[in-house]
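Each remark here refers to the structure printed beneath this line.
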Amino acid sequence: GTGAAADVEAALGGVGAVDGGLLVDVDGEPDDWGLEELGGGVGGAARRTLGQELGVTRGKGSKPRGVDEDLGVAVSWGGSAGATATDLDEQERLLSRMFKPHKVKKLMAHQRAALAEAERLRSGAAKRASTDARLHRQLRIVQGSAANARLLSSAGAQTRPMMEKVRQAIFNMVQAQAGTVGCLPPSARWLDLFAGTGSVGLEALSRGAREAHFVEMDPWVTRNVLGKNIATCSFQRSSVVHTRKAEDFLTRALASPSFAGGPFDFVSMCPPYLLVSYPQLFDLLGRGPLLHERTILFVEYPSQLKHQVPDVLGPIVKLRDRIYGRTWIAVYGPAGAGGPGAEDDGEDY
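Heads up: the sequence shown begins at 7 in my numbering, then just goes up one per residue.
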């Protein structure tokens, strides 16, 4: 206790020395330095050392636990101290009466920063634990080499995968549009924008696509959901993950035509309806180099925004709208493969 208190005093610029738990002033007379406000009378059995009052502790070695490189000492506040800003303010007020104020301010700044970081880590851990608890494997790959593989998805609103039956219907339509039956062309490149779980791009790989690029902005999702789903299906070699916003990905492609390996044969875009600008996305896609004249694109959108879905998008045109319950999907492809604006009500799931 006394040695630790000496460390504190030396670090904070105190002028006396420690003797039996009391600070000794330069005139040699014991002085409580205002410690009566911390509890206990001057002297007597009730008195605690300065180290005890401040909660300074040492580890097994010679240095105090958590020694600050600059100050050379760490203070671990006891009781409810440090729990609130009011506690820290009171501690700073009392310490300023005993030590040089600028040293106290520096020490307290370290303490506040440590508490803020601890709270941030606790909050992040709680959030991750809560999200982990909501992960489940209800999704599955429908057809192809990875058929029936179970995919991770989150029950939260941030990752909203396409319903399995809708995905099945869309892929059957896309394969028919591409002139293949039961599979995709073996040279096909697929771009999965707003990938989330990756269920669409992984379905494409399972059905024979050569490679798939997944664009997902959330690093936690790419690491804990998308990345694990790619591994579950053993598609690591044919998958490329871009951890960035879809808008940033499309903007980068505008600036660099060869970005991401050039145009894609198939593109899926299933954004969170209320968090994106459909006109901006369509503009970036239409002006960019990621579409060629035979690209097949499908876009999921809410019926309220139907007026924002264009008939022509760069080198391709809208062939039809498919409606699956509350899910609306615009399908684009080569001009002449279907009539712009032609509607085809899908099965109501």
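Beta carbons are placed, not taken as given, at the ideal position from N, Cα and C, and that holds for glycine.
Any C-beta of chain C under 9 Å from that of residue i
i: A119; result: Note that chain C does not occur in the displayed structure, where there is just one protein chain.
Residues sharing a beta bridge with residue i, DSSP
i: F270; result: L297
i: L280; result: Per DSSP, none; premise fails for L280.
i: L303; result: V273 and Y338
i: W196; result: A218 and F272
i: I236; result: DSSP output for I236 lists no bridge partner at all.
i: R146; result: R156
i: L319; result: I322
i: L141; result: S160
Neighbourhood of residue i by C-beta, 6 Å cutoff - its chain only, sequence neighbours within 5 removed
i: L141; result: L158 and S160
i: I335; result: F304, E306 and R328
i: G345; result: With a pLDDT of only 44 at G345, under the threshold of 50, the placement of this residue in the model should not be trusted; the figure read from the coordinates follows. Taken in chain order, the list of residues that qualify is empty.
i: F241; result: L211
i: R156; result: R143 and R146
i: C189; result: R213 and G214
i: Y279; result: P308
i: A341; result: V323
i: A153; result: I147
i: P263; result: P295
CA-to-CA distance, residue j to residue i, given in whole angstroms
i: S151; j: L281; result: 34 Å
i: K106; j: K112; result: 10 Å
i: E299; j: V247; result: 25 Å
i: R229; j: A119; result: 29 Å
i: L256; j: L291; result: 7 Å
i: V337; j: K324; result: 6 Å
i: R207; j: A122; result: Note on residue identity: the sequence assigns Gly, not Arg, to residue 207. Near 40 Å, if we compare the C-alpha coordinates of A122 and G207.
i: Q181; j: L127; result: 47 Å
i: D95; j: H116; result: 13 Å
i: D198; j: V221; result: 6 Å
i: V187; j: W196; result: 17 Å
i: A201; j: V318; result: 24 Å
i: R173; j: A237; result: 21 Å
i: S102; j: V227; result: 47 Å
i: H108; j: L100; result: 13 Å
i: D254; j: D93; result: 45 Å
i: V231; j: P269; result: 27 Å
i: L311; j: V110; result: 59 Å
i: K171; j: R326; result: 19 Å
Range of the contiguous beta strand (DSSP E) that encloses residue i
i: D254; result: That residue, D254, is in no beta strand (DSSP E); its alpha helix (DSSP H) goes A252 to A261.
i: S160; result: R156 to S160
i: S245; result: S245 to H248
C-beta contact flag for residue i and residue j at 9 Å
i: L260; j: P295; result: yes
i: S274; j: C239; result: no
i: T333; j: M168; result: yes
i: D271; j: A184; result: yes
i: P225; j: T203; result: no
i: E125; j: M114; result: no
i: N178; j: S205; result: no
i: S244; j: A266; result: no
i: P277; j: L297; result: no
i: A194; j: M223; result: no
Span of the alpha helix (DSSP H) around residue i
i: G217; result: This sequence places Glu at residue 217; Gly is not what is there. From DSSP, E217 is part of no alpha helix (DSSP H) but of the beta strand (DSSP E) over E217 to V221.
i: M168; result: No alpha helix (DSSP H) holds M168; DSSP gives it neither H nor E.
i: L311; result: Note, L311: premise wrong, no alpha helix (DSSP H); not H, not E.
i: A210; result: S205 to S212
Sequence-distant residues of the same chain with beta carbon closer than 7 Å to residue i, five excluded per side
i: P285; result: Q314
Distance cut-off 8 Å: residue i Cβ against heavy atoms of the ligand GDP
i: R229; result: As far as ligands go, the structure on display features none, and thus does not contain the ligand GDP.
Cutoff 8 Å; reference residue i; Cβ partners in own chain excluding five residues on either side
i: F339; result: What sits at residue 339 in the sequence shown is Gly, not Phe. The answer, listed in chain order, is Q183, R300, T301, I302, L303, I322, V323 and L325.
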